[in-house]
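Participant: As you go down the protein sequences, you meet chains D and P in turn.
Take the first sequence: its position 161, counting from 1, is numbered 160 in numbering that gives the first Met the number 0, and each next residue is one higher.
Take the second sequence: its position 233, counting from 1, is numbered 232 in numbering that gives the first Met the number 0, and each next residue is one higher.
The C-beta atom is built at its ideal place from N, Cα and C for all residues, glycine as well.
All values derive from a computational prediction rather than experimental measurement.
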Amino acid sequence: MIKLSKVEKTYEDAVVLKNCSMVMDRGEFAFITGPSGAGKSTLLKLLYCSEQVDNGHISVDEWILNKLKKRTVPYFRRNIGVVFQDFKLLFNKSVFENVALTLRIHRMGAKEIMERVKSILKEVKLLHKSDIFPQYLSGGEQQRVVIARAMVSQPMLLLADEPTGNLDSDNARTIMRLFREINTKGTTVLIATHNEDLYYGSGRRVFFLNNNRIDKEIVG
Amino acid sequence: MNTLRYYFGTAFKSIWMEKWINLLTILSICIGLSILCSFLLITFNIDSFMKRWTGNFGLVVYLDDNITYEETLNLETQFNKDRDILRVDYTSNVEAMDEIRISLGENAVIMDDFKENPLPSIFELQLVGELLNQKAARQKAESIKNISGVSDVQYGEKWLASLNTISDTMKMVAVFFATAIFISTIFTTYNTIKIFFYRRKEEIITLKLLGATNGFARLPFLIEGLFVGMVGGTLSSALVFTFSSLTSTRIVEFMPSLSVVLSPLPVQVYLIIPVIGASMSLLGSLIAVGKIRY
Ligand SMILES: Nc1ncnc2c1ncn2[C@@H]1O[C@H](COP(=O)(O)OP(=O)(O)OP(=O)(O)O)[C@@H](O)[C@H]1O
Ligand SMILES: [Mg+2]
Numbered sequence: 000m001i002k003l004s005k006v007e008k009t010y011e012d013a014v015v016l017k018n019c020s021m022v023m024d025r026g027e028f029a030f031i032t033g034p035s036g037a038g039k040s041t042l043l044k045l046l047y048c049s050e051q052v053d054n055g056h057i058s059v060d061e062w063i064l065n066k067l068k069k070r071t072v073p074y075f076r077r078n079i080g081v082v083f084q085d086f087k088l089l090f091n092k093s094v095f096e097n098v099a100l101t102l103r104i105h106r107m108g109a110k111e112i113m114e115r116v117k118s119i120l121k122e123v124k125l126l127h128k129s130d131i132f133p134q135y136l137s138g139g140e141q142q143r144v145v146i147a148r149a150m151v152s153q154p155m156l157l158l159a160d161e162p163t164g165n166l167d168s169d170n171a172r173t174i175m176r177l178f179r180e181i182n183t184k185g186t187t188v189l190i191a192t193h194n195e196d197l198y199y200g201s202g203r204r205v206f207f208l209n210n211n212r213i214d215k216e217i218v219g
Numbered sequence: 000m001n002t003l004r005y006y007f008g009t010a011f012k013s014i015w016m017e018k019w020i021n022l023l024t025i026l027s028i029c030i031g032l033s034i035l036c037s038f039l040l041i042t043f044n045i046d047s048f049m050k051r052w053t054g055n056f057g058l059v060v061y062l063d064d065n066i067t068y069e070e071t072l073n074l075e076t077q078f079n080k081d082r083d084i085l086r087v088d089y090t091s092n093v094e095a096m097d098e099i100r101i102s103l104g105e106n107a108v109i110m111d112d113f114k115e116n117p118l119p120s121i122f123e124l125q126l127v128g129e130l131l132n133q134k135a136a137r138q139k140a141e142s143i144k145n146i147s148g149v150s151d152v153q154y155g156e157k158w159l160a161s162l163n164t165i166s167d168t169m170k171m172v173a174v175f176f177a178t179a180i181f182i183s184t185i186f187t188t189y190n191t192i193k194i195f196f197y198r199r200k201e202e203i204i205t206l207k208l209l210g211a212t213n214g215f216a217r218l219p220f221l222i223e224g225l226f227v228g229m230v231g232g233t234l235s236s237a238l239v240f241t242f243s244s245l246t247s248t249r250i251v252e253f254m255p256s257l258s259v260v261l262s263p264l265p266v267q268v269y270l271i272i273p274v275i276g277a278s279m280s281l282l283g284s285l286i287a288v289g290k291i292r293y
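1. Got a sec: which bits of the stretch 10 to 35 of chain D sit with their beta carbon under 8 Å from any beta carbon on chain P, in order along the chain?
2. Does the beta carbon of residue 67 (chain D) come closer than 8 Å to any beta carbon on chain P?
3. Can residue 6 (chain D) be considered in contact with ligand 1, in the sense that its beta carbon sits closer than 7 Å to one or more heavy atoms?
4. State buried or exposed for residue 230 (chain P), treating a residue as buried only when at least 16 other CB atoms are found within 10 Å of its CB.
5. Would you call the stretch 191 to 199 of chain P in contact with the stretch 18 to 35 of chain P, where contact means no fewer than 3 C-beta pairs closer than 8 Å?
6. Look at the Cβ atom of residue 15 (chain D), then the Cβ atom of residue 83 (chain D), and state whether they are nearer than 8 Å.
7. Using beta carbons (cut-off 8 Å, strictly below), is residue 108 (chain D) in contact with chain P?
8. Specify, as a first and last residue, the run of the alpha helix (DSSP H) that residue 170 (chain D) falls within.
9. Mark residue 242 (chain D) as exposed unless 16 or more other C-beta atoms lie within 10 angstroms of its C-beta, in which case mark it buried.
10. Count the C-beta pairs between the stretch 57 to 68 of chain D and the stretch 0 to 7 of chain D that are closer than 8 Å, then say yes if the count reaches three, no if not.
11. Quick one: does the C-beta of residue 39 (chain D) sit closer than 7 Å to a heavy atom of ligand 2?
12. Between D:165, D:79, D:171, D:159, which has its C-alpha nearest residue 29 (chain D)'s C-alpha?
13. Which whole runs of the alpha helix (DSSP H) in the stretch 56 to 107 of chain P are 4 residues long or more, in chain order?
14. Are there 16 or more other CB atoms within 10 angstroms of the CB of residue 199 (chain D), so buried, or fewer, so exposed?
15. Please confirm whether residue 134 (chain P) has its beta-carbon closer than 8 Å to some beta-carbon of chain D.
16. Rounded to whole angstroms, how far is the Cβ of residue 8 (chain D) from the Cβ of residue 41 (chain D), which I believe are closer than 8 Å?
17. If you follow the alpha helix (DSSP H) that residue 101 (chain D) is in, where does it begin and where does it stop?
18. With respect to 7 Å, is the separation between the Cβ of residue 141 (chain D) and the closest non-hydrogen atom of ligand 1 below this value?
19. Assuming contact is defined by CB atoms lying nearer than 8 Å, are residue 21 (chain D) and residue 0 (chain D) in contact in what I supplied?
20. Taking only the alpha-carbon atoms, compute the straight-line gap between residue 107 (chain P) and residue 93 (chain P) and give it to the nearest angstrom.
21. I need the straight-line Cα distance from residue 221 (chain P) to residue 276 (chain P), nearest angstrom please.
22. Starting from residue 48 (chain D), follow its DSSP beta bridges and name the residues at the other end.
23. Report back the beta-carbon spacing between residue 287 (chain D) and residue 94 (chain D) to the nearest angstrom; my notes put them in contact at under 8 Å.
24. Are any of the Cβ atoms in chain D nearer than 8 Å to that of residue 212 (chain P)?
This is the structure:
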């Protein structure tokens, strides 16, 4: 599903990734961890085409991202759900509309949007806040809206950047259960996190990003 | 269908959220187009006034002194047949002399000094409207001058020239004016939409990260620009229409004789103005959203 081969990524003059390779299978559920500033977010950004590699091969499913035309990027992105580290919620839209936006971009019908959004908001326990605007939500609630938005379209790949950063352990467990559920329905899941509790004892693969590359891989 | 509703929903929400800027934009578009409309109205009126006025204008054809009666009759039938000529008036040299005598009154005795009548007989020809310009009138005059029995043809050369200059200048000013106002409409909307676009930059970036195409992100802005231009244009149409019908009734009340002269703009103009406003604004918004890429 995901393949990075000798990827190089530099911001201005700061090298973030160099000779970085990793492979993830379809339907897999994995973690990526490493110290702050190691480049976890950058690696995810490369995977959803928010950043371009300077060198090397990177592909998701059949899409070769280092060769992707600008025009096709939107269509590629519709296959991916992203939980952004900085949320990227729209503050002039209600919780419902924020989540529905993904489906509107997919040009889904009103009735189906209604059903899907309600059902996912129920899962993240925010159905009662559907009509509230994001600025009136707590950090954890905002994070759950982002997670709902990323999952509502049942993407083929879910990328989550520090998805439990603002959550108490109870809510974190709920979210991790949701991720496992969507994974059993066929979505490949990759989670970037510092939180060891998330991966220890999970039995999943954990990639360690250090010194500009994946330098260790364990089973948590 | 649902997507369409989203586009319009987003556009009108933004129109409402940014109502003051939008109102200002609508007003400036409206003022620009109204000035243009008023100018058109004035130009149109002056033009139709001149048309009526120059309707009386004609050629004076001087005949040879020794022309016979038959030849004169021939000329008259020839002029009457000519499609370029609206009216033919004949004044014989005798009639002309009598007219002068009458106008001289008691001093008419001085005319007795002439053994022969020094005046030529003349035809006054009134040309059709299309020939009321310098070039066509001269050509017509030249061709008549070549007919035998005609000694000279005069037409109000300088007069026609200055009339033409006035009407040409007015047309040029109108074109210049229209261009300036079109550009200012484009620019006004361009500015407004660009401000909105920058204000909602984060939103557009997010939309695109969620897989939206450029079109999806931009269309609401285009709808907004289109709407603003259309409202501005409609408003200015209504304004100029009301103003022109009010003033013309007022003027006619004071000077009923002017009622023939004052002509309202053709209805099409009032329908075209909103279309112009809308399309210029759309163009402005297109330029505004087309330049920014994320
Ligand atoms: N847009 C950018 N321009 C320049 N430098 C950047 C940019 N984005 C990230 N960086 C730099 O690249 C490095 C990696 O950043 P990144 O966000 O990928 O780290 P991270 O592993 O996600 O860290 P964290 O765990 O704190 O989220 C950092 O040193 C950061 O300063
Ligand atoms: Mg990060």
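Facilitator: Based on what the coordinates show:
1. So nothing in the stretch comes that close.
2. Any Cβ of chain P closer than 8 Å to the Cβ of residue 67 (chain D) would place that residue at the interface, and such an atom is absent.
3. No, Cβ of residue 6 (chain D) sits at least 7 Å from all heavy atoms of ligand 1.
4. Under this definition residue 230 (chain P) is a buried residue.
5. The stretch 191 to 199 of chain P, when compared against the stretch 18 to 35 of chain P, does touch it at the 8 Å Cβ threshold.
6. No.
7. At least one C-beta of chain P is nearer than 8 Å to the C-beta of residue 108 (chain D).
8. Bounds of the alpha helix (DSSP H) holding residue 170 (chain D) are 168 to 183.
9. Limits of chain D in this structure are 0 at one end and 219 at the other, which puts residue 242 (chain D) out of reach.
10. The stretch 57 to 68 of chain D is in contact with the stretch 0 to 7 of chain D.
11. It does: the Cβ of residue 39 (chain D) is within 7 Å (strictly closer) of some heavy atom of ligand 2.
12. Nearest Cα to residue 29 (chain D) within the set D:165, D:79, D:171, D:159: D:159.
13. Annotation: the stretch 56 to 107 of chain P contains the following complete segments of the alpha helix (DSSP H) (minimum length 4 residues), in chain order: 68 to 80, 92 to 103.
14. Under this definition residue 199 (chain D) is an exposed residue.
15. Answer no: the Cβ-Cβ gap between residue 134 (chain P) and chain D never drops below 8 Å.
16. So it is a contact: roughly 6 Å between Cβ atoms.
17. Taken as a continuous stretch (DSSP letters only), the alpha helix (DSSP H) holding residue 101 (chain D) covers 94 to 104.
18. No - ligand 1 has no heavy atom lying nearer than 7 Å to the Cβ of residue 141 (chain D).
19. Not a contact, by the Cβ cut-off of 8 Å.
20. Put simply, the backbone Cα of residue 107 (chain P) is about 14 Å away from that of residue 93 (chain P).
21. Their Cα atoms are separated by approximately 13 Å.
22. According to DSSP, which records beta bridges pairwise, residue 48 (chain D) is partnered with nothing at all.
23. The question about residue 287 (chain D) has no answer here: the residues shown for chain D are numbered 0 through 219.
24. Residue 212 (chain P) counts as touching chain D.
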